[in-house]
Amino acid sequence: MNVRLSALTDVGVIRDHNEDDFLVVQSVAPYQAWNYDLSEFENPENGLLLLVADGMGGTNAGEIASAIMVKTMEEELTQLSSIPQTAKKREKILLDAIHKTKKQIVDQAKNNPQYQGMGTTAVIAWVLGNQCHLAWIGDSRAYRLSKNKALEIISRDHSLVWDLMRKGMLTEEEAETHPDSNIITQSLSDSTAKIKPESKTIDLLEGDKLLLCSDGLNGMVPKGEIADILIYQEADKACKLLVEEANKYGGTDNITVVLLEMAPFHTQVMSEEEKEEKHGRITQKINQETLTPPAENKTSEIPETPDVEEKAPIEKSKPGFFKRIWQQLTTEEIVEEETVEEEREEENSIETQETEKTNAIEDAQETEISEDPEDSEDLEETKATEEENKPIDSPHTPTEETTKPTKKPKE
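Residues 424 to 834 in this note's numbering are what the sequence shown spells out, letter by letter.
What follows is the structure, given as structure tokens:
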């Protein structure tokens with residue numbers, strides 16, 4: 424069975440250097456590096472290995488940490504004389520490489536103070552035949568696109584929002600757009616805290632596609648957009664478009680993608696209606712991004728949330744300039760809204776007092792009238808007496824009653 428393979432990394436729009444790294448091994452045991460000019464080849468019997476590492480730390484050498492992950496994985500593979508027969512043993516090789524990387528990062532930071540604060544996430548895939556053995560730590564991801572065109576996330580982010588999602592407190596869609604999606608709970612840093620990387624084994628069927636990426640892709644491009652590109656494009660073109668889309672949406676982080684296609688290869692031609700719909704979604708997303716502050720760097724400052732398992736701490740990166748300005752403007756808007764609300768409440772209170780005062784006066788007047796019921800009877804008797812004593816008018820001489828009406832006063 425043949426496979427197609429492509430990989431690409433990009434610094435993005437905002438960052439000035441690339442802290443991501445990746446590794447593609449075309450053959451494991453014996454070790455054989457991938458020829459980048461070879462996009463299609465036979466799936467090797469002893470497997471091929473894919474890795475994406477997302478370095479962290481900004482000026483604190485995040486690219487050093489991701490490079491250590493790549494180098495350690497290569498060293499582990501060169502020591503293999505044969506391929507383990509069980510999935511668990513193959514997964515263990517990947518997990519061991521992650522733990523060794525952790526130790527080397529701690530040692531490097533200890534011996535080189537300028538590296539203190541560095542770290543990396545990682546996702547690794549070892550494909551043998553139709554089996555794919557995965558291991559990961561942090562929020563670098565693995566996706567699988569099946570022949571039925573369903574795109575699924577087959578890794579699980581080590582992040583605050585994914586912890587909440589696993590507890591049923593967030594949906595997958597809410598987790599993708601949550602403002603705290605940049606808070607990770609595990610990574611390979613120079614901290615002495617213990618790590619718990621995860622692993623699993625899945626099947627890759629004919630026509631399936633496997634995508635590994637840093638969060639510079641999925642943190643910018645919606646899942647539906649990623650699926651569209653994988654469905655309608657071959658590996659090389661798909662990787663280029665994924666990076667382009669991430670940059671169109673802001674490119675606030677480095678972007679790295681590694682894509683594997685299993686034969687038989689199949690792509691679809693996008694109809695004009697689908698192109699228009701896709702363009703509309705991109706335009707809407709870009710418009711939303713202009714009103715939304717850029718995401719902060721990964722951080723481990725976790726707000727208080729009930730029943731969330733405590734994870735290894737990771738140093739927090741400083742918020743960017745635009746993020747700080749956004750927070751300041753948001754705070755001013757909140758203060759202004761609270762002031763307006765207080766003024767409205769005061770006006771409503773005054774209006775309520777005036778209304779109550781008016782009602783009290785009207786009630787008092789009604790009470791005064793109703794307190795002497797005999798007044799009404801006297802008035803009726805007076806009217807009757809006036810009618811009886813009324814003189815007969817002359818048709819020629821007007822009387823006082825007709826010229827100037829009067830009212831008899833009360834007795």
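Positions of the beta carbon are idealized from the N, C-alpha and C atoms, including for glycine.
Out of the options, which has the shortest C-alpha to C-alpha gap to residue i?
i	options	result
V434	G674, W559, R589 and M685	G674
L431	V681, A686 and E779	V681
P645	F464, L583, V666 and V546	V666
K619	L574, N534, N469 and K515	K515
D562	E465, A488, T600 and V546	V546
D631	H556, W549, R567 and M479	R567
I437	T778, A686, N677 and M685	N677
D580	D613, G470, E621 and H556	E621
N469	W585, E668, D477 and S505	S505
K608	E596, E629, L633 and S582	Lys is not the amino acid found at residue 608; the sequence shown has Thr there. Taking only the C-alpha atoms, the option nearest T608 is S582.
A484	S612, T778 and L640	S612
E486	S578, M541, T501 and G639	M541
With residue i as the anchor, note down where its alpha helix (DSSP H) starts and where it stops.
i	result
T524	A510 to N534
G647	K646 to Y655
L665	A658 to K671
W585	L583 to R589
L640	D638 to N641
A488	G485 to T501
Output the distance between the C-alpha atoms of residue i and residue j, rounded to the nearest integer angstrom.
i	j	result
D659	L461	11 Å
A598	G647	15 Å
M643	S610	21 Å
M492	Q531	12 Å
S604	C636	16 Å
Y454	Q508	18 Å
F688	Q656	10 Å
K570	Q539	45 Å
L503	L517	12 Å
I649	A565	12 Å
L587	Q776	48 Å
E465	E684	11 Å
S489	I576	22 Å
L664	N534	41 Å
Y459	G591	43 Å
N670	C662	13 Å
Y672	T594	23 Å
T624	A510	7 Å
I521	W559	8 Å
L634	I652	12 Å
N441	A452	30 Å
Per DSSP, residue i is paired with what?
i	result
F445	V475
E684	R427 and K632
L593	BP columns for L593 are empty, so no partner.
Q554	L551 and D626
L461	None; L461 has no bridge partner.
Q455	S450
I560	A545
S505	S505 pairs with nothing; no bridge assigned.
T679	T432
I607	S582
E779	E779 pairs with nothing; no bridge assigned.
Mind checking which residues open and close the beta strand (DSSP E) that includes residue i?
i	result
L628	Neither: L628 is in no beta strand (DSSP E) and is coded neither H nor E.
T543	G542 to L551
P576	The sequence shown places Ile at residue 576, rather than the Pro named in the question. Start and end: L574 to I576.
A616	Element bounds for A616: n/a, residue is neither H nor E.
Y566	R564 to L568
Given residue i, which residues of its chain have a CB within under 7 Å of its CB, disregarding the five upstream and five downstream residues?
i	result
V447	L428, A430, W457, L473 and V681
R747	Here R747 scores only 35 on pLDDT, less than 50, and its place in the model should not be relied on; the value that follows carries that caveat. For R747, where only same-chain residues beyond five positions count, there are no Cβ hits under 7 Å.
V584	L593, A598, H601, D603 and S604
A686	M424, N425, V426 and E629
L513	At residue 513 the sequence reads Arg, which differs from the Leu that was named. These residues qualify, in order along the chain: P507, W549 and H556.
Tell me which same chain residues have a C-beta within less than 8 Å of the C-beta of residue i, skipping the five on either side of it?
i	result
Q527	I491 and T495
E497	L446, V448 and Y454
K572	A650 and I654
Near residue i, what residues of its chain come up, given a Cβ to Cβ distance below 6 Å and the 5 sequence neighbours on each side ignored?
i	result
T679	T432, D443, F445, V475 and S637
N553	D626 and L627
K523	T495
I792	For I792, the predicted model reports a pLDDT of 46, less than 50, meaning its position is unreliable and no value from the coordinates is stated.
Indicate whether at least one CB of chain B lies closer than 8 Å to the CB of residue i.
i	result
T600	Looking for chain B here will not work: only one protein chain is present.
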